[in-house]
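Residue numbering for the sequence shown follows my numbering, starting at 1 and increasing by one per position. By construction, the Cβ of each residue, glycine as well, lies at the ideal position given by its N, Cα and C atoms. In what follows, a single structure is set out as structure tokens and then discussed.
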Amino acid sequence: FLDPGHDAPASTLEAMRALEADGMHVVFSTGRNRASAQAKLPGLDLAARVGVFLNGAVVYGRSGSVIHERTLPRDVVVDVLRFAASRRRQCCPVLCRGDEHFVPDTADPWAMHLFEDYADPLPGGLGGYEAAIASFAGASPDGPEGGAPEAKRRRAAEPHLLHVICGPGDRAGVREALEAMLGDRVKVAASLPTCLTLLHPLCCKADGLEPALRELGSSCGETLALGDAENDIEMLRAVKVGVAMGNAPAKVKDAAGWECAPNSADPPGVTQVLRSVLEH
1 FLDPGHDAPA STLEAMRALE ADGMHVVFST GRNRASAQAK LPGLDLAARV GVFLNGAVVY
61 GRSGSVIHER TLPRDVVVDV LRFAASRRRQ CCPVLCRGDE HFVPDTADPW AMHLFEDYAD
121 PLPGGLGGYE AAIASFAGAS PDGPEGGAPE AKRRRAAEPH LLHVICGPGD RAGVREALEA
181 MLGDRVKVAA SLPTCLTLLH PLCCKADGLE PALRELGSSC GETLALGDAE NDIEMLRAVK
241 VGVAMGNAPA KVKDAAGWEC APNSADPPGV TQVLRSVLEH
């Protein structure tokens with residue numbers, strides 16, 4: 001939906017409003033959380049729309065409340081935190097729950113990358129790796145493992161997903177190491193050159209889109225979807241018409257039945273597709 005500068009083109013918004021005026025539904029399905037997406041779409045009230053966020057881990061209904069969610073188990077979070085603690089100069093984990101982001105240490109390299117470069121929420125700190133690990137393992141950092149009841153009450157809520165941020169040249173090696181360590185306990189997706197996203201094994205945009213469409217009285221069999229990244233593949237396969245953006249990797253294009261121009265075109269590819277739907 002966004003252009004290469006991560007802004008919403010006016011022509012795309014205009015085409016979207018015309019579709020909705022004609023009685024069709026438009027659902028945003030994004031890797032961003034709702035607050036981050038809202039910042040990119042100031043003319044829309046996302047709290048009043050059905051939407052799929054955090055790669056399908058959180059779905060909001062008409063009332064703005066959560067109607068579907070999936071979270072990462074604490075044992076996965078602990079293993080990733082320990083992994084990242086041993087590679088602090090190479091990568092940084094970002095834990096996402098709803099509209100909040102957290103990092104073990106805000107001073108770490110890569111800790112502010114999504115905030116500074118992609119306008120994601122400013123992450124809060126977790127007090128360092130030792131404290132972060134303890135909060136998910138259920139022990140106080142200065143108490144015994146398993147801890148007293150007070151320590152158990154400090155256990156952090158499971159995140160909806162976890163990003164691992166690293167340099168583009170390190171991403172393949174970090175991914176290989178994470179997949180070897182975590183196996184089928186997570187699904188790993190890549191949507192940015194600097195970001196690996198760890199999700200619940202059942203979580204994907206298609207998984208989130210189904211309850212969103214039910215809320216609207218529709219289904220994947222009646223839906224057109226557009227995507228340009230690895231985290232769009234399941235969604236493009238699940239819908240009636242899957243359209244890959246012209247800038248998408250080959251495996252994304254292989255998953256879709258159709259291809260359109262990239263959003264760097266004039267008019268943007270999404271605008272062209274929405275106008276075509278409106279005309280037909």
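In angstroms with no decimal places, state the Cα-to-Cα distance between residue i and residue j.
i, j, result
"V58", "G242", "22 Å"
"E150", "V80", "Residue placement at E150 is flagged as unreliable, the pLDDT there being 48, under the threshold of 50; the coordinate-derived value follows with that caveat. Computed Cα separation, rounded: 25 Å."
"F1", "L13", "9 Å"
"E179", "R214", "33 Å"
"P267", "S11", "7 Å"
"A261", "R275", "13 Å"
"P4", "A131", "38 Å"
"E145", "L44", "Low local confidence applies: a pLDDT of 45 at E145 is under 50, so the model's placement there is unreliable, and no value is given."
"S63", "G173", "42 Å"
"C96", "G31", "11 Å"
"I133", "S191", "26 Å"
"R153", "T271", "For R153, the predicted model reports a pLDDT of 45, less than 50, meaning its position is unreliable; a value from the coordinates is still stated below. Taking the straight line from one Cα to the other gives about 50 Å."
"I233", "D207", "12 Å"
"V273", "A157", "40 Å"
"A37", "A250", "26 Å"
"R175", "G138", "27 Å"
"A48", "P9", "21 Å"
"Y60", "P42", "18 Å"
"S65", "L46", "11 Å"
"H113", "V277", "37 Å"
Comparing C-alpha positions only, which one of the options sits nearest to residue i?
i, options, result
"F53", "G23, E158, L209", "L209"
"E279", "A18, H6, H160", "A18"
"E259", "E230, L226, S276", "L226"
"L236", "L224, L114, E130", "L224"
"A107", "C91, Y118, A119, R97", "C91"
"A111", "D22, A8, L162", "L162"
"S218", "M16, A8, G23", "G23"
"A85", "L126, K253, L192, S191", "L126"
"P73", "S65, E234, F136, E176", "F136"
"G124", "F115, H101, A134", "H101"
"R155", "V78, R87, K253", "V78"
"R171", "A47, R87, K251, K205", "R87"
"N247", "D254, D228, K205", "D228"
Please check the pair residue i and residue j, which I expect to be a contact at CB under 8 Å, by giving their CB distance rounded to whole angstroms.
i, j, result
"C220", "A238", "5 Å"
"V94", "I165", "6 Å"
"R70", "C203", "4 Å"
"G257", "N263", "That belief does not hold up - the Cβ atoms of G257 and N263 are roughly 19 Å apart, past 8 Å."
"P109", "R89", "6 Å"
"G128", "P159", "Not really, about 17 Å apart at Cβ, beyond 8 Å."
"L182", "V50", "About 31 Å separates the two Cβ atoms, so there is no contact after all."
"I283", "P211", "Residue 283 is absent from the model: the chain starts at 1 and stops at 280."
"V27", "E20", "In fact, because the Cβ distance is near 11 Å, the residues do not count as touching under 8 Å."
"K205", "S29", "5 Å"
Once the 5 residues before and after residue i are set aside, which same chain residues still bring their CB inside 7 Å of it?
i, result
"D99", "N33, R34, A35, P121"
"A189", "N55, T197, L199, E230, N231"
"M16", "V26, L274"
For residue i, I'd like the list of residues in its chain whose CB is within less than 8 Å of its CB, leaving aside the five on either flank, ordered along the chain.
i, result
"H6", "K40, Y118, A119"
"P201", "D184, R185, V186, K187"
"K240", "C220, G221, E222, T223, L224"
"F115", "H101, P121, L122, P123"
"A177", "F83"
"P193", "P168, R171"
"A265", "G246, Q272"
With a threshold of 8 Å between beta-carbons, can residue i be considered close to chain E, or not?
i, result
"V94", "Within the model displayed, chain E is absent; a lone protein chain is all it includes."
Who are the Cβ neighbours of residue i in its own chain at under 6 Å, not counting the five residues just before and after it?
i, result
"A255", "I233, L236, R237"
Enumerated in chain order, which unbroken segments of the alpha helix (DSSP H) with a length of 4 residues or greater are wholly contained in the region 36–89? Listed in chain order, they are 74–85.
Continuous alpha helix (DSSP H) assignments of at least 4 residues falling wholly in the region 233–276: You should have 233–238, 250–255.
Give, in chain order, every unbroken run of the alpha helix (DSSP H) that is at least 4 residues long and sits entirely within the region 106–131. Listed in chain order, they are 113–118.
Unbroken alpha helix (DSSP H) runs of length 4 or more, entirely within the region 169–226: which are they? Listed in chain order, they are 171–182, 205–215.
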